[in-house]
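Residue numbers (the working numbering): 1 to 366.
Glycine is no exception: its CB is placed at the ideal position from the N, C-alpha and C atoms.
Below: the structure, in structure tokens.
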């Protein structure tokens with residue numbers, strides 16, 4: 001048995017320890033095993049933990065559930081992605097409420113260079129259906145990972161269109177991976193996994209698709225993506241939650257406008273009206289806004305890429321050379337620099353035409 005994996009699963013089961021508290025503990029102790037080996041006094045002294053949560057850890061005895069989950073994961077070849085794993089969706093780590101761990105069955109790269117979530121109503125119109133099919137068809141060949149929630153309606157259409165156009169697609173679900181909900185999408189889920197996509201969840205096997213799980217699912221959809229596209233939703237639709245979460249995570253949100261008399265366009269129109277989303281007309285517009293449009297560059301000789309750069313600027317240029325496009329908070333985390341140091345270095349690099357600023361406080365090399 002992998003002891004660390006066992007304790008990672010156990011940590012996710014401890015009462016009163018949510019994702020935020022787990023992250024605090026991991027920052028303090030480094031790994032899950034050390035958290036369970038810590039004394040009560042060590043735990044309770046940590047800011048944000050206190051006596052109640054410390055006792056929840058030292059008094060935790062439900063290790064049988066963790067053992068059962070290990071057997072399930074091994075039987076069905078499901079991977080556990082812990083926050084410290086390289087395969088964990090790194091964009092999620094910029095969200096304060098990132099899941100402690102995720103369960104993943106699939107082959108798609110969750111850290112692809114371009115990740116786009118597409119969400120919308122379960123009761124779509126022909127207008128929404130035609131838009132989705134053309135929109136994703138126009139993204140074919142752009143090496144974009146399409147993420148959605150495997151629900152009826154727009155979600156399923158997005159997954160199907162991605163498959164049809166040879167784009168990898170991942171479904172984030174609000175239940176354990178021992179089932180597929182809705183059941184009618186079982187065939188679609190299998191096809192996604194077969195064709196290089198996958199299924200992702202934070203829920204243990206046996207967890208039912210209860211209503212309160214879907215807003216939690218939505219934060220993963222929003223947080224693991226560079227941008228979220230909302231296609232048809234009414235004002236109180238679940239896709240509004242996803243769009244608003246994406247906006248709160250400082251990700252770009254795009255919404256398909258519609259007539260003000262159409263119920264399923266009311267949510268999209270609202271997001272656009274109150275500057276929570278960019279008006280979406282076509283794939284080319286999104287690609288341009290995101291800085292994903294392929295540009296033909298003239299070949300030119302650069303005498304020395306790192307000439308006259310400060311140590312901070314050198315780190316940033318090297319990182320962007322490797323990653324191509326990054327948000328400013330990602331640069332700060334990956335370079336290990338303070339926000340003020342990154343802001344100053346980025347400004348100087350822009351002024352010297354070394355990097356370009358893109359919407360959503362993202363940067364790339366010129």
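Less than 8 Å between the C-beta atoms of residue i and residue j, yes or no?
i           : j           : result
residue 154 : residue 121 : yes
residue 310 : residue 345 : yes
residue 256 : residue 131 : yes
residue 27  : residue 80  : no
residue 365 : residue 317 : yes
residue 189 : residue 165 : no
residue 196 : residue 108 : yes
residue 116 : residue 225 : yes
residue 293 : residue 327 : no
residue 334 : residue 319 : yes
Using only the alpha-carbon positions, how far apart do residue i and residue j sit?
i           : j           : result
residue 209 : residue 185 : 14 Å
residue 134 : residue 356 : 30 Å
residue 157 : residue 129 : 7 Å
residue 68  : residue 175 : 17 Å
residue 237 : residue 221 : 15 Å
residue 136 : residue 104 : 24 Å
residue 56  : residue 88  : 26 Å
residue 363 : residue 49  : 36 Å
residue 37  : residue 46  : 15 Å
residue 289 : residue 58  : 50 Å
residue 40  : residue 194 : 47 Å
residue 315 : residue 323 : 12 Å
residue 90  : residue 242 : 18 Å
residue 217 : residue 308 : 46 Å
residue 348 : residue 331 : 15 Å
residue 251 : residue 223 : 8 Å
residue 219 : residue 312 : 33 Å
residue 44  : residue 71  : 33 Å
residue 390 : residue 278 : Given a span of 1 to 366 for the chain in the structure shown, any question on residue 390 remains unanswerable.
residue 259 : residue 268 : 10 Å
residue 286 : residue 248 : 19 Å
residue 227 : residue 111 : 14 Å
residue 78  : residue 65  : 16 Å
residue 96  : residue 4   : 23 Å
residue 145 : residue 163 : 11 Å
residue 10  : residue 2   : 12 Å
residue 142 : residue 123 : 29 Å
residue 336 : residue 350 : 20 Å
residue 6   : residue 15  : 17 Å
residue 25  : residue 338 : 22 Å
residue 173 : residue 214 : 8 Å
residue 329 : residue 340 : 11 Å
residue 62  : residue 106 : 29 Å
residue 183 : residue 127 : 26 Å
Around the C-beta of residue i, are 16 or more other C-beta atoms found within 10 angstroms, so that it is buried, or is it exposed?
i           : result
residue 212 : exposed
residue 76  : exposed
residue 178 : exposed
residue 266 : buried
residue 73  : buried
residue 284 : exposed
residue 20  : exposed
residue 171 : buried
residue 99  : buried
residue 353 : exposed
residue 52  : exposed
residue 83  : buried
residue 102 : buried
residue 148 : buried
residue 30  : exposed
residue 264 : buried
residue 245 : buried
residue 291 : buried
residue 187 : exposed
Judging by CA-CA distance, which residue of the options is the nearest neighbour of residue i?
i           : options            : result
residue 168 : 198, 64, 325       : 198
residue 181 : 170, 227, 24, 152  : 152
residue 261 : 235, 282, 33, 254  : 235
residue 191 : 160, 183, 341      : 160
residue 85  : 32, 189, 348, 123  : 32
residue 18  : 280, 239, 203      : 203
residue 23  : 93, 264, 320, 246  : 93
residue 114 : 325, 336, 335      : 325
residue 271 : 287, 263, 339, 254 : 254
residue 125 : 4, 233, 351        : 233
residue 119 : 150, 142, 145      : 150
residue 281 : 123, 138, 96, 35   : 138
Problem set entry | 3-residue-minimum beta strand (DSSP E) runs that sit fully inside the segment 9 to 55, ordered along the chain | none
Problem set entry | Contiguous beta strand (DSSP E) assignments of at least 3 residues, all confined to the segment 95 to 142 | 101 to 106, 115 to 120
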